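Presented below is the structure to which this report refers.
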Amino acid sequence: MAPVSFAEVDKRFGDVEAVHALTLAIADGEFVVLVGPSGSGKTTALRMLAGLEAVTAGTITIGDQVVNAVSPGERDIAMVFQDYALYPQMTVRDNFAFGLRRRKVGREEIEKRVRRAADSLELGELLDRRPRELSGGQQQRVALGRALVREPQVFLMDEPLSNLDAKLRVQTRGEIKRLQHEIETTTVYVTHDQVEAMTMGDRIAVMNDGRLEQVGTPEELYERPANLFVAGFIGSPSMSLVPAAGVPLELRQAPDGAVLGVRPEHARLWGQGDGLIGPLEGEIAYVEALGRETFLGVDTGPETRFVVSVAGRAPVRPGERVRFGLVPDGLRLFEGDTGRALGPATVRR
Amino acid sequence: MIARREQHLTYLLLGVFSLIALAPIVGILVTALQARGGATSFGVPDGLNLENFATAWDEGNFADYLRSSVIVTVSVVVLSTLLSILAGYAFGMMRFRGSTVLFYMMLLGLMVPLEATIVPLYYDLRDLGLTDTYWALILPQVGASVAFGTFWMRAFFRSVPRSLVEAARLDGSSSWTTLWRVVLPLGRPAVLTMVALLFMWTWNEFLLALVMVSDEGLRTAPLGLAFFQGRNTTDYALLSAGSVIVATPVVLLYVFLQRHFIRGMLAGAVKG
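As given, the protein sequences belong to chains A and B, one line each in that order.
Everything in the first sequence is counted per the numbering used here, starting at 1 for the first residue and increasing by one.
Everything in the second sequence is counted per the numbering used here, starting at 1001 for the first residue and increasing by one.
Pasting the structure below:
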């Protein structure tokens, strides 16, 4: 177990800057998720931490050791790969034991650790099988187990759930979180799925275009996004972002070109809830019925679409006009040109 | 209907090509069983003259020649395979300065035919005192085989998922251990295919053996066939019987390795 830190880390591939001035401190035992769209630099950052990519500038520290020049094998980290990267010709047992044997761990200790990992991941029956004889979910657990038995200082996970079907993904998500909680090993987890990030991370680091946009707890990111990118990326469906000038409300302290952000749960049909601001009126562009709730895309103008959340089913159809109101606490203002958050918006009634 | 006609046509075409490929082999087998003298290949067999093989064995000195062939071929195949694996691993998986230039230089070895270099090679080896030794047969063929082998093995190593090698590195495995324990076990079809090809090429090499050695005890089996070809007459029955003797080891090896051989040939075709 060890803290990890990136200090002003750059990575360039030729002329392409994959990571720019990444500074991020991860506490001992913390579960941090790097999230962002593809090409945002999150995987590159993880691979630099693993030692699989060289750092162009800046320093990476694990524990109290700067590891820029330390080989991957000596960093005392274990990684779960997106494609699992299990050794195909070895049994599950040998996959587990390979890294321990390289580190000259004693035979009995290896057997003990393999047994423990296999039990905790319910792989006990499968220890003598080869990877190709396992299902995708089982292979995924073997990949986890191979990292677990190493008992490393830091776990690195590169989109480990992306090859699983939706149901198994949710189940394994919980499993990984539980394991990490038990063994309290510092974990850096990369994903492009913001739901994974929100449900798993103690803290989330949102990356875009090689830059770190915001770091914080899931609540912080959700409640107080630092900029338009984070506001749009975190949350599903994402925050409605509309030009403040195009909304028929009198917003205080809204500079020219400001953008108003409203989460779907803060936009409700008129009459469903007290103290709503409004009413606003628009035409329904789409209806997304999820059963427990329904999301309506409502256009109040050519560039202004609000996502409105309705509990249960909504007896409306695309093309109809509806009236809705906004929850006063849920309004956020952003600067139009920089995207920077300006804080909560207040409305003159 | 069209599908069926297409299928018939396919079988017909494949059948014709198979016949073209098989005809010379059948011809040699038939001729090898003909009575000596007078017979030509493709003639109607006039009995099973198995004594042709015994005669050919004695007259072609195959007991000695086959021994030389085995010594040379096994040495060349073992050395070339080892060197090709190591060089292919470096070119396929390691990033180092000048790797592209070096690789193309190795490819030159594939492109220049032996006939073009045989004369200077003879003088070089003579200066080194290596003519009329097994080295004169082994070293040039190792050189030629490594060019192909490196090319072949590099293609295999490139097909191995990078993450597998990275997982091994994170597990604390050295390059050496990664090669032998993690990567190469996956390459058995590729290696066996290479072994079969190198074996065949080395075994059948004629020109090098003809030029480099004159000592009876060092001559390889293909040279033995030359005995049956006189200046004016050729004993086709014995020549054919000798050919069968020389070709048998290659055929046996092919049959033995064939399952892997086919898989290896297809290994680079589809990435999966």
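We put the CB at the ideal spot given by N, CA and C, even for glycine.
If you're wondering where the values come from, they're calculated on a predicted model, not measured in any experiment.
LYS11/A is bridged by DSSP to VAL19/A.
If only uninterrupted beta strand (DSSP E) runs of at least 3 residues are considered, none is enclosed by the segment 1191–1247 of chain B.
DSSP places VAL1074/B in no beta strand (DSSP E) but in the uninterrupted alpha helix (DSSP H) bounded by 1062–1093. The three-state secondary structure of ARG317/A, taken from DSSP, is coil. DSSP lists ARG340/A as the beta-bridge partner residues of ASN227/A. Residue range 1135–1159 is occupied by the alpha helix (DSSP H) that includes GLN1141/B.
Listed along chain B are PRO1185, LEU1186, each with a C-beta nearer than 7 Å to that of GLN89/A. The way I'd put it, the segment 171–179 of chain A does touch the segment 139–154 of chain A; three or more beta-carbon pairs between them come closer than 8 Å. In the three-state reduction of the DSSP assignment, VAL55/A falls in the coil class. Looking at the DSSP output, THR1131/B sits in no beta bridge, so it has no partner there. Taking each of ALA78/A, ALA27/A, LEU331/A, VAL114/A in turn and checking the Cα distance to HIS266/A, the smallest one comes out for LEU331/A.
Under the DSSP assignment, PHE295/A falls in the beta strand (DSSP E) whose first and last residues are 293–299. Boundaries of the beta strand (DSSP E) harbouring MET207/A: 203–208, taken from the DSSP string.
Contact note: ARG1169/B reaches chain A through PRO72, GLY73, using a C-beta cutoff of 7 Å and chain order. About 6 Å separates the beta carbon of ALA50/A from that of LEU1170/B, a gap short enough to meet the 8 Å contact definition. In this structure, VAL1183/B sits near VAL1165/B, with a CB-CB distance shorter than 8 Å. Here ILE234/A carries a coil assignment [DSSP, helix/strand/coil]. For ILE183/A, not one C-beta of chain B is nearer than 8 Å to its own C-beta.
Excluding five sequence positions before and after GLU1115/B, the CB atoms of its chain that fall closer than 8 Å to its own CB belong to LEU1207, given in chain order. Looking only at ILE284/A, VAL308/A, GLN253/A, the smallest Cα-Cα distance to VAL347/A is reached by GLN253/A. Three or more pairs of CB atoms, one per stretch, sit closer than 8 Å, so the segment 185–192 of chain A contacts the segment 151–158 of chain A.
Leaving aside the five residues that flank GLU17/A on each side, the residues in its chain whose CB is nearer than 8 Å to its CB run, in chain order, ASP10, LYS11, GLY210.
By the Cβ-count criterion, VAL242/A is buried, with 16 or more other Cβ atoms from all chains shown falling within 10 Å of its own Cβ.
Shown in chain order are the members of the segment 100–121 of chain A whose Cβ falls below 7 Å from a Cβ of chain B: ARG102, ARG103.
In the DSSP annotation of this structure, the continuous segment of the alpha helix (DSSP H) that includes VAL170/A starts and ends at 166–183. Listed along chain B, the residues sitting closer than 8 Å to ASP83/A by beta-carbon distance are PRO1161, SER1163. DSSP places PHE1053/B inside the alpha helix (DSSP H), whose first and last residues are 1051–1059. Residue range 92–102 is occupied by the alpha helix (DSSP H) that includes GLY99/A. Taking a Cβ-Cβ cut-off of 7 Å, the neighbours of PHE98/A in chain B comprise ASP1171, given in sequence order. Going by C-alpha positions, PRO1185/B is about 24 Å away from ARG107/A.
Here DSSP, grouped into helix, strand and coil, assigns TYR286/A to strand. Within the same chain, Cβ atoms closer than 7 Å to the Cβ of ARG129/A are found at THR91, VAL92, the five residues on either side in sequence being excluded. Across the structure, GLY1217/B and LEU1223/B are spaced so that their CA atoms are roughly 12 Å apart. Beta-bridge pairing by DSSP links LEU1108/B to no other residue. C-alpha of LEU1029/B to C-alpha of THR1010/B: approximately 28 Å in a straight line. Counting C-beta pairs closer than 8 Å gives three or more between the segment 68–88 of chain A and the segment 129–144 of chain A, which meets the contact rule.
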